[in-house]
Amino acid sequence: MFKFMHFILFVILISNANFNILKADENQVLDTAGVEDDFEMFRLRFKSSFEHPTFALNYGIVTPFYHEDAVTDDFAILNSINVQFGISYIDEMSKLNSSVFKHENNMLAVSYYSQDLGSKTEIADGIRTSAWSFGLQRNSGYGIGKSSQKLFFNSISGITWTSLDFEDKTSDTIQQTNLDVFGSQLRFGNMFEASMTFYPIENVGLNVGYERAMVYPRHMFWYWAASGIIQGAAQGLTGWFSKAVIEKSPVAGAIMYFVLENAVNYGFFELRKKNMNWPLETVPPFMYDSFKVGLTFKF
Numbered sequence: 005m006f007k008f009m010h011f012i013l014f015v016i017l018i019s020n021a022n023f024n025i026l027k028a029d030e031n032q033v034l035d036t037a038g039v040e041d042d043f044e045m046f047r048l049r050f051k052s053s054f055e056h057p058t059f060a061l062n063y064g065i066v067t068p069f070y071h072e073d074a075v076t077d078d079f080a081i082l083n084s085i086n087v088q089f090g091i092s093y094i095d096e097m098s099k100l101n102s103s104v105f106k107h108e109n110n111m112l113a114v115s116y117y118s119q120d121l122g123s124k125t126e127i128a129d130g131i132r133t134s135a136w137s138f139g140l141q142r143n144s145g146y147g148i149g150k151s152s153q154k155l156f157f158n159s160i161s162g163i164t165w166t167s168l169d170f171e172d173k174t175s176d177t178i179q180q181t182n183l184d185v186f187g188s189q190l191r192f193g194n195m196f197e198a199s200m201t202f203y204p205i206e207n208v209g210l211n212v213g214y215e216r217a218m219v220y221p222r223h224m225f226w227y228w229a230a231s232g233i234i235q236g237a238a239q240g241l242t243g244w245f246s247k248a249v250i251e252k253s254p255v256a257g258a259i260m261y262f263v264l265e266n267a268v269n270y271g272f273f274e275l276r277k278k279n280m281n282w283p284l285e286t287v288p289p290f291m292y293d294s295f296k297v298g299l300t301f302k303f
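Under the working numbering, the residue at position 38 of the sequence shown is numbered 42, and the numbers go up by one with no gaps.
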């Protein structure tokens, strides 16, 4: 949890520079809008959408873990390669602040997790694992910037199918059955990612982010749907509040949406460590925490 909070603090600190630079532009736009009535002045409006195919390549350091009720042994640290293909839509705000924009990206993602992607001299400290994963992801949020230089705040969520391979046995034969249940089949799961992409030039962006992924031992659809509806309701409330802030202060609202959206995601994933479909009592999921850096190419 502390790693995630440090990441959020890092976001706020680097965003503060953008906020100070763009605040003058924001005030100037609001001052010239006095000829309109109050409702029209604060209504969010966007220019026509700009559509871009995107390709992202990321490298990560991954910490696998399983709740102690399932397995008490530690798992070896992994590395990962992740690729994302998508179509990005960018809508620039036309009234309140032209430096703030809304974005959305629907993506197909493929990931590979293994110790083989890291240093060959490292000795595994814990149960060694590897995995292939693919899934469908949706990235939405706001960004700050003008012209070719832009900073995207990414709130990504998605569904995954993962094939796990446990290369070592646990120290407890009874607990080993909690790993064996995954078998070699594809297992359903969920993920979320909090990340930022900075474009120093028009078509190439630098990514930094945190991802958490869950792999379910079994998929219980109605339990999963009920848990998702509760999370969706919480995100609806935070989204409504953030958009109200955006109407008054676009830059602060864009940052707040990013922080609140991912705080809700992180909170629900924490609650699901023991019960994969919290608040319903179910079994623990197998989980990955990843810190990633990479590049995004926009065409």
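Note that beta-carbon positions come from the ideal geometry of N, C-alpha and C, so glycine has one too.
As the structure is a computational prediction, the values presented were derived from the model and not from experiment.
Helix, strand or coil for residue i, going by three-state DSSP, please let me know.
| i | result |
| --- | --- |
| M260 | helix |
| G90 | strand |
| P254 | helix |
| I205 | coil |
| D169 | strand |
| Q189 | coil |
| K247 | helix |
| D95 | strand |
| A74 | coil |
| A80 | coil |
| E265 | helix |
| N279 | coil |
| L121 | helix |
| G130 | coil |
| T286 | coil |
| F2 | Outside the displayed range of the chain (5 to 303) lies residue 2, so it cannot be described from this structure. |
| S231 | helix |
| T174 | coil |
| Y116 | strand |
| Y270 | helix |
Tell me which same chain residues have a C-beta within less than 7 Å of the C-beta of residue i, skipping the five on either side of it?
| i | result |
| --- | --- |
| S231 | N281, W282, L284 |
| V208 | L299, F301 |
| M111 | Q88, F89, G90, Q141, N143 |
| V297 | N62, Y63, N211, V212 |
| Y227 | N281, L284, T286 |
Tell me the rounded alpha-carbon separation between residue i and residue j.
| i | j | result |
| --- | --- | --- |
| F273 | R216 | 8 Å |
| A74 | V287 | 8 Å |
| F245 | S175 | 49 Å |
| E206 | N143 | 19 Å |
| F192 | E108 | 24 Å |
| S342 | F262 | The requested residue 342 is not part of the displayed model; the chain covers only 5 to 303. |
| K277 | P204 | 38 Å |
| L155 | V212 | 11 Å |
| Y214 | A113 | 15 Å |
| G187 | Q153 | 46 Å |
| L275 | F79 | 21 Å |
| P57 | D95 | 15 Å |
| D184 | I81 | 20 Å |
| Y380 | A229 | There is no way to answer for residue 380, as the model of the chain reaches only from 5 to 303. |
Got a sec? Which residues, its chain only, sit under 8 Å from residue i by beta carbon, not counting five neighbours each side?
| i | result |
| --- | --- |
| N279 | E285, T286, V287, P288 |
| W165 | S137, F138, G139, L190, R191, F192, G193 |
With a CB to CB cut of under 6 Å and the five nearest residues on each side skipped, what residues in its chain are close to residue i?
| i | result |
| --- | --- |
| D77 | I131, T174, S175 |
| N309 | Within the shown structure, residues of the chain are numbered from 5 to 303, placing residue 309 beyond reach of any answer. |
| L210 | F202 |
| M4 | Residue 4 cannot be examined here, being either before or after the span of the chain that is shown, 5 to 303. |
| G162 | G139, L140, Q141, M195 |
Would you call the stretch 285 to 301 and the stretch 64 to 71 in contact, with 3 or more CB pairs under 8 Å? yes
Taking 8 Å as the threshold, find out whether the stretch 194 to 213 comes into contact with the stretch 248 to 258 through three or more Cβ pairs. no
Take every Cβ of the stretch 129 to 141, pair it with every Cβ of the stretch 170 to 177, and state whether three or more of those distances are shorter than 8 Å. yes
Within the chosen definition, does the stretch 262 to 272 reach the stretch 239 to 247 through at least 3 CB pairs nearer than 8 Å? yes
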